[in-house]
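Trainee:
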Amino acid sequence: DQQVKQNSPSLSVQEGRISILNCDYTNSMFDYFLWYKKYPAEGPTFLISISSIKDKNEDGRFTVFLNKSAKHLSLHIVPSQPGDSAVYFCAASAQTGANNLFFGTGTRLTVIP
Amino acid sequence: EPEVTQTPSHQVTQMGQEVILRCVPISNHLYFYWYRQILGQKVEFLVSFYNNEISEKSEIFDDQFSVERPDGSNFTLKIRSTKLEDSAMYFCASIRGQRETQYFGPGTRLLVL
Numbered sequence: 001d002q003q004v005k006q007n008s009p010s011l012s013v014q015e016g017r018i019s020i021l022n023c024d025y026t027n028s029m030f031d032y033f034l035w036y037k038k039y040p041a042e043g044p045t046f047l048i049s050i051s052s053i054k055d056k057n058e059d060g061r062f063t064v065f066l067n068k069s070a071k072h073l074s075l076h077i078v079p080s081q082p083g084d085s086a087v088y089f090c091a092a093s094a095q096t097g098a099n100n101l102f103f104g105t106g107t108r109l110t111v112i113p
Numbered sequence: 114e115p116e117v118t119q120t121p122s123h124q125v126t127q128m129g130q131e132v133i134l135r136c137v138p139i140s141n142h143l144y145f146y147w148y149r150q151i152l153g154q155k156v157e158f159l160v161s162f163y164n165n166e167i168s169e170k171s172e173i174f175d176d177q178f179s180v181e182r183p184d185g186s187n188f189t190l191k192i193r194s195t196k197l198e199d200s201a202m203y204f205c206a207s208i209r210g211q212r213e214t215q216y217f218g219p220g221t222r223l224l225v226l
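If you want it as structure tokens, here you go:
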């Protein structure tokens, strides 16, 4: 079951630069997308979400872009900070059903001071 | 800020034993979920619960698993006869209403020997 994919297992970025994390999905029924940040031995922490009626959502340093035709979304973090170093998971849910989330495999972001 | 809590944080058990993982969702939330993450893999949906019944479950959630909301605050996941492959982090999540953000607990690390 690979309905949500994050093809980059890791990413390293210099402090102050932009981090771009990518996510692809295959299920056209997905209409709500979220990004979570996760530290080892902790639960996922919600970062930002986007509904399929929008193509961009911004919250402070975090912006999520959605390209429905390409079934692709990305998370931009700018400027990146060392405290952003964590594993980032993309997740998606469909309007039908119980809103359970389908997660990608995660991208480990390392921000180098 | 309200948060989802889980107990215990760690549990070690022998294969074949029963375990009960406990969660206290955010108090005004109505939809409850269990997910698991096997080491090195993605977070996977197990089951969703609403109005005192299961609303959706994945293929992982077989007859060995059950969920219960025994009172107004706790939400439990029971594994009747644990297997080695049940070793994972188990996360509880809750939402207030449909199409809202799921908030996750810190997880229970289950190790089956």
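Residue numbers (this note's numbering), protein chains in the order written: chain A, 1 to 113; chain B, 114 to 226.
Backbone N, C-alpha and C fix where the C-beta goes; we use that ideal spot for every residue, glycine too.
Which whole-angstrom value describes the C-beta separation of Gly220/B and Gly43/A, a residue pair presumed to lie in contact below a C-beta threshold of 8 Å?
Mentor: Right, their Cβ atoms sit about 5 Å apart.
Trainee: Considering just the uninterrupted stretch of the beta strand (DSSP E) at Arg108/A, what are its terminal residues?
Mentor: First-last of the beta strand (DSSP E) with Arg108/A: Thr107 to Ile112.
Trainee: Could you tell me whether any Cβ in chain A is nearer than 7 Å to the Cβ of Gln124/B?
Mentor: Chain A contact via Cβ: absent.
Trainee: Mind pulling the chain A residues with CB within less than 8 Å of Gln211/B?
Mentor: What Gln211/B touches in chain A: Asn99.
Trainee: Using DSSP with H/G/I as helix, E/B as strand and the rest coil, what is Asp199/B?
Mentor: Reduced to three states, the DSSP call for Asp199/B is helix.
Trainee: Select from Phe103/A, Ala86/A, Gly104/A and Ala91/A the residue whose C-alpha is nearest the C-alpha of Val111/A.
Mentor: Comparing Cα-Cα distances from Val111/A to each of Phe103/A, Ala86/A, Gly104/A and Ala91/A, the minimum goes to Ala86/A.
Trainee: Since Val160/B and Tyr146/B are thought to touch, with beta carbons under 8 Å apart, how far apart are those beta carbons, to the nearest angstrom?
Mentor: So it is a contact: roughly 7 Å between Cβ atoms.
Trainee: Would you mind working out which of Ser207/B, Asp199/B, Glu172/B and Ile192/B sits nearest Leu134/B, comparing C-alpha positions?
Mentor: The option with the nearest alpha carbon to Leu134/B is Ile192/B.
Trainee: I'd like the list of long-range same chain contacts for Gln211/B, defined as Cβ closer than 8 Å, with 5 residues on each side in sequence excluded.
Mentor: Taken in chain order, the residues that qualify are Tyr144.
Trainee: I'd like the list of long-range same chain contacts for Tyr163/B, defined as Cβ closer than 8 Å, with 5 residues on each side in sequence excluded.
Mentor: Taken in chain order, the residues that qualify are Leu143, Tyr144 and Phe145.
Trainee: Hey, Phe186/B and Ile139/B: beta-carbon distance below 7 Å or not?
Mentor: The sequence shown places Ser at residue 186/B, rather than the Phe named in the question. No, Cβ-Cβ distance for Ser186/B and Ile139/B is not below 7 Å.
Trainee: Residues in its own chain within less than 7 Å of Thr96/A by CB, not counting five upstream and five downstream?
Mentor: Within the same chain, Thr96/A has close Cβ partners Met29.
Trainee: What residues from chain A crowd round Thr120/B, counting only those whose CB sits closer than 9 Å?
Mentor: Here the premise fails: no neighbours, minimum Cβ distance about 13 Å.
Trainee: Asp24/A by DSSP, collapsed to three states: which one?
Mentor: In the structure shown, Asp24/A sits in a strand (DSSP, three-state: E or B).
Trainee: Quick one, are the C-beta atoms of Asp137/B and Tyr148/B less than 7 Å apart?
Mentor: The question names Asp, yet the displayed sequence has Val at residue 137/B. Cβ distance not < 7 Å, so Val137/B and Tyr148/B don't count as in contact.
Trainee: Output, in sequence order along the chain, the residues in the segment 27–48 of chain A whose CB is closer than 8 Å to any CB in chain B.
Mentor: Of all residues in the segment 27–48 of chain A, Tyr32, Leu34, Tyr36, Ala41, Glu42, Gly43, Pro44, Thr45 and Phe46 have a Cβ within less than 8 Å of some Cβ in chain B.
Trainee: Return helix, strand or coil for Asp59/A, following the three-state DSSP convention.
Mentor: DSSP places Asp59/A in strand when its eight states are reduced to three.
Trainee: Lys54/A and Tyr88/A - do their beta-carbons sit closer together than 7 Å?
Mentor: Not in contact: Tyr88/A and Lys54/A (Cβ atoms no closer than 7 Å).
Trainee: Can you give me the C-alpha to C-alpha distance between Leu66/A and Thr45/A, rounded to a whole angstrom?
Mentor: When rounded, the distance between both Cα atoms is 20 Å.
Trainee: Distance cutoff 7 Å, beta carbons only. Does Thr63/A sit that close to anything in chain B?
Mentor: Closer than 7 Å: no.
Trainee: Note down, in chain order, every chain B residue with its Cβ under 8 Å from the Cβ of Thr107/A.
Mentor: By Cβ distance, chain B contributes nothing, its closest Cβ being about 11 Å from Thr107/A, past 8 Å.
Trainee: Check whether the segment 67–78 of chain A touches the segment 6–25 of chain A, counting contact only when three or more Cβ pairs, one atom from each stretch, lie closer than 8 Å.
Mentor: The segment 67–78 of chain A vs the segment 6–25 of chain A: in contact.
Trainee: Near Tyr32/A, what residues of its chain come up, given a Cβ to Cβ distance below 6 Å and the 5 sequence neighbours on each side ignored?
Mentor: Here the set comprises Ser51 and Ser93.
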